[in-house]
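Encoded as C-alpha cells, the structure appears first; notes follow it.
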Amino acid sequence: MKQKEREIGILLKYQQAETDAVLIYRSLAIAAQDPADTALFHRLAADEGRHAAALKAITGKTLRPSKRMAARVTGLKRVLGREKTYRLVARFEYKAAAAYKPFCARYPALFGIRMDELRHGGEIYSLLSGASE
Ligand SMILES: [Fe+2]
Ligand SMILES: [Fe+2]
Numbered sequence: 012m013k014q015k016e017r018e019i020g021i022l023l024k025y026q027q028a029e030t031d032a033v034l035i036y037r038s039l040a041i042a043a044q045d046p047a048d049t050a051l052f053h054r055l056a057a058d059e060g061r062h063a064a065a066l067k068a069i070t071g072k073t074l075r076p077s078k079r080m081a082a083r084v085t086g087l088k089r090v091l092g093r094e095k096t097y098r099l100v101a102r103f104e105y106k107a108a109a110a111y112k113p114f115c116a117r118y119p120a121l122f123g124i125r126m127d128e129l130r131h132g133g134e135i136y137s138l139l140s141g142a143s144e
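Residue numbers (this note's numbering): 12 to 144.
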C-alpha cells in the first residue's frame with residue numbers, strides 16, 4: 012500500500028473519532044448538571060464538527076456518528092461519576108493531539124485541530140478545578 016493510502020486510512024479513523032466526538036459532547040452537555048459543563052461541551056461539540064469537516068475535505072468520505080459511542084460515554088459517567096469521566100475524556104483529547112502531530116507537516120489543516128485538542132483537554136480539566144468541585 013502506498014504511503015498516501017495508508018495515511019488516508021489512519022485519517023479516516025480520526026475522522027470517525029471526530030464524528031463520534033460531536034455526539035459524545037452533545038450527550039455530555041445534555042447529561043451535565045452544571046451549566047458551565049453544558050456550555051463547554053456544546054462548544055466542544057461544535058469544534059469537533061469542524062474537525063470532522065476538515066478531515067472529510069482530506070479523505071473525501073462522509074461518515075456517520077456512532078450513537079453507541081455516545082451512549083457508552085454517558086453510561087460511563089453514571090458508573091464512574093463526573094470527575095473520573097471528565098479526566099478520561101480530557102486524556103483522550105491530549106492523545107488525539109499527539110496522534111495528529113506526525114500529520115501536521117503534510118496536512119497543515121490538522122495543525123489547528125491539534126491545537127484545539129490541546130485546548131479542549133485543558134478546558135475539560137478546568138471544569139474540575141472550578142467552584143463546583
Ligand atoms: Fe477534534
Ligand atoms: Fe477535541
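Beta carbons are placed, not taken as given, at the ideal position from N, Cα and C, and that holds for glycine.
If you follow the alpha helix (DSSP H) that residue i is part of, which residue opens it and which one closes it?
i    : result
K72  : Here K72 belongs to no alpha helix (DSSP H), and DSSP marks it neither H nor E.
R89  : K78 to L91
Y136 : A120 to L139
Could you tell me how far apart the beta carbons of residue i and residue j are, in whole angstroms, since I believe they sit closer than 8 Å?
i   : j    : result
Y25 : A116 : With a Cβ gap of about 16 Å, Y25 and A116 do not count as contacting.
R98 : K112 : Their Cβ separation, rounded to whole angstroms, is 22 Å, which puts R98 and K112 out of contact at 8 Å.
T70 : L39  : With a Cβ gap of about 26 Å, T70 and L39 do not count as contacting.
Which runs of the alpha helix (DSSP H) at least 4 residues long sit entirely within the region 12-59? Give them in chain order. 14-42
Taking 8 Å as the threshold, find out whether the region 71-81 comes into contact with the region 28-38 through three or more Cβ pairs. yes
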